[in-house]
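Start counting at 1 in the sequence shown, then tack on 293, and there's your number in the working numbering.
The C-beta atom is built at its ideal place from N, Cα and C for all residues, glycine as well.
What follows is a short report on a single structure.
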Amino acid sequence: MSQTPSRALSTLTSRLAYEPPTIVRHQAGLMNKFSRTQSVRPLSHIDGVPVEDLLAEYGSPLFVFSQKTLQERYRELRDSFSLRFPKLRIAWSWKTNYLDGICKTFLNEGAWGEVVSEFEWEKAVALGVAPERIHFNGPYKPESALERVLPLGTIVHLDNFDELATAERVAARLGIVPKVALRLSIATDHTQTWDRFGFNLDSGQARDAVARLLGGGQLQLAGLHCHVGTFVLEPDAYRQASSKLAAFASVLREEHGVVLEFIDMGGGFASPNTLKAQYLPGEQVCPSFSRYAAAIADGLSGLRYPMREMPTLVLETGRALVDEAGYLVTSVVANKRLPDGTRALVLDGGVNLLFTSNWYKHDVLPVREHGGISEPTVMYGPLCMNIDVVREAVMFPPVRPGDAVVFRNVGAYNVTQWMQFITYRPAVVMVGDGRQHGLLRKREDLETFSSHERTPAWLTADKAHAR
294 MSQTPSRALS TLTSRLAYEP PTIVRHQAGL MNKFSRTQSV RPLSHIDGVP
344 VEDLLAEYGS PLFVFSQKTL QERYRELRDS FSLRFPKLRI AWSWKTNYLD
394 GICKTFLNEG AWGEVVSEFE WEKAVALGVA PERIHFNGPY KPESALERVL
444 PLGTIVHLDN FDELATAERV AARLGIVPKV ALRLSIATDH TQTWDRFGFN
494 LDSGQARDAV ARLLGGGQLQ LAGLHCHVGT FVLEPDAYRQ ASSKLAAFAS
544 VLREEHGVVL EFIDMGGGFA SPNTLKAQYL PGEQVCPSFS RYAAAIADGL
594 SGLRYPMREM PTLVLETGRA LVDEAGYLVT SVVANKRLPD GTRALVLDGG
644 VNLLFTSNWY KHDVLPVREH GGISEPTVMY GPLCMNIDVV REAVMFPPVR
694 PGDAVVFRNV GAYNVTQWMQ FITYRPAVVM VGDGRQHGLL RKREDLETFS
744 SHERTPAWLT ADKAHAR
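Here's what the structure looks like:
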């Protein structure tokens, strides 16, 4: 007996709305002494402010930064190193997060600035940083940029011989002898040598650069700089690099009479995030600032300088200061089951916002307490791209569309490397003392992009002609 069209449609609709039950294996105990409990504690507040209140006011997704955590991390870094290095300079790494509110928090704590482009230099100066309190790093500094920054006292870190020659030419034309530093690449047993940056110390190229600089007479060598890597989990890498820098600096003083004002150890300190290839969680393996300080102190102990001439230690710390202060709050759009039975969540924030999810297993927590048992879950973002996966596998409790989900330790690089792709970039807010909160960056809308776009006149004319 055939069904009427309305009854057939009703039957089809009911079938489409049904998903068969899935049997999921659950583990009650721990597999071994290194295992972690499968219970997931919600993160309902950030510094006393309800996360759901922030979403209600600023929308989802939403980046949230804790001013308290920013200050605590800066002070911990300063105190850990000041015990061993009375002459200490912390230069905030602008590229790690150049939102004015973040940078201003560190400037208020006494930080200098470290920039790697003319754009970042302009942003730092506009925020009130004196040009002479900026270290200008990076492989690209056009001659026009050097003409702007060298007369104002910005310390330029020279990367190659062509740049050295350009700096000499600018200095001669302006009639100045500016202070500069040489960036060196140094091999260690724990990190891959970043050969593309600076003058190689181990090959003798650094000696040639010093000879060229001193022979030219147009530049004053004020410091040496190295950067051993990124997310360095082994402090001994800094001991080895600083030991080589100390030996080289001592030779410069003894053979050339060069007394350095500073030695810059760059950045690269790790945060509590967990790398994808890492077995133990990040908070268990991330070295403390004290361990990094001890390693650098050990390496620089070989510096043959009288106490009164000891150079200042410069740190260009970024990730280790800001990562823990940042949160990305997203909302669940949908639940679904993959063909193998794995549960999947679709969120309104993906790799377009969480760039670092490409190499970190970010901690992710629900905002509310949820009943039910956690199970392996894959988390997708909103993009129409197969690569939009923010967590490939994580134990997570049952959640519903509209529920909020928070990613932790996302303060570094995400709001500088995020993409305007398919959807708008969200608002960024800071939670301050006394549970106050305010915008660091407003949510984008169509006007954000329309105001920068132009339509050539001939396109408008062609359209009118077609009519």
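How many Å lie between residue i and residue j at the Cα?
i, j, result
"residue 580", "residue 606", "19 Å"
"residue 313", "residue 628", "14 Å"
"residue 536", "residue 479", "10 Å"
"residue 734", "residue 719", "8 Å"
"residue 291", "residue 688", "Nothing in the structure corresponds to residue 291, since the chain is present only between 294 and 760."
"residue 613", "residue 483", "19 Å"
"residue 611", "residue 406", "11 Å"
"residue 361", "residue 752", "52 Å"
"residue 510", "residue 493", "22 Å"
"residue 352", "residue 590", "47 Å"
"residue 355", "residue 436", "39 Å"
"residue 728", "residue 341", "6 Å"
"residue 568", "residue 647", "14 Å"
"residue 549", "residue 504", "9 Å"
"residue 438", "residue 623", "40 Å"
"residue 496", "residue 425", "32 Å"
"residue 573", "residue 586", "23 Å"
"residue 571", "residue 655", "12 Å"
"residue 333", "residue 684", "15 Å"
"residue 659", "residue 419", "39 Å"
"residue 597", "residue 742", "57 Å"
Would you identify the three-state DSSP class for residue i, choosing helix, strand or coil?
i, result
"residue 450", "strand"
"residue 474", "strand"
"residue 336", "coil"
"residue 688", "strand"
"residue 562", "strand"
"residue 556", "strand"
"residue 585", "helix"
"residue 701", "strand"
"residue 682", "strand"
"residue 600", "helix"
"residue 671", "strand"
"residue 463", "helix"
"residue 741", "helix"
"residue 660", "coil"
"residue 317", "coil"
"residue 525", "strand"
Taking the continuous beta strand (DSSP E) assigned at residue i, which residues delimit it?
i, result
"residue 629", "619-630"
"residue 708", "No beta strand (DSSP E) contains residue 708, which is instead part of the alpha helix (DSSP H) from 707-710."
"residue 607", "605-608"
Per the DSSP calculation, residue i is bridged to which residue(s)?
i, result
"residue 456", "DSSP output for residue 456 lists no bridge partner at all."
"residue 407", "386, 428"
"residue 513", "472"
"residue 720", "355"
"residue 731", "723"
"residue 653", "568"
"residue 420", "Answer is none; residue 420 lacks a bridge partner."
"residue 412", "According to DSSP, which records beta bridges pairwise, residue 412 is partnered with nothing at all."
"residue 493", "478"
"residue 343", "338"
"residue 579", "Paired residue(s): none; residue 579 is not in a bridge."
Go ahead and label residue i buried or exposed: buried means 16 or more other beta carbons lie within 10 angstroms of its beta carbon, across all protein chains shown.
i, result
"residue 652", "exposed"
"residue 533", "buried"
"residue 715", "exposed"
"residue 672", "buried"
"residue 305", "Its pLDDT being 48, under 50, residue 305 is placed unreliably by the model, and nothing is read from it."
"residue 744", "exposed"
"residue 681", "buried"
By the DSSP assignment, the alpha helix (DSSP H) with residue i in it spans what residues?
i, result
"residue 396", "393-401"
"residue 636", "Taken as a continuous stretch (DSSP letters only), residue 636 belongs to no alpha helix (DSSP H), being part of the beta strand (DSSP E) at 636-640."
"residue 437", "436-442"
"residue 376", "Residue 376 -> no alpha helix (DSSP H), and no H or E assigned at all."
"residue 544", "529-549"
"residue 612", "612-615"
For residue i, would you say it is in contact with chain B, using Cβ-to-Cβ distances shorter than 8 Å as the test?
i, result
"residue 577", "Here chain B cannot be found, since the structure has a single protein chain."
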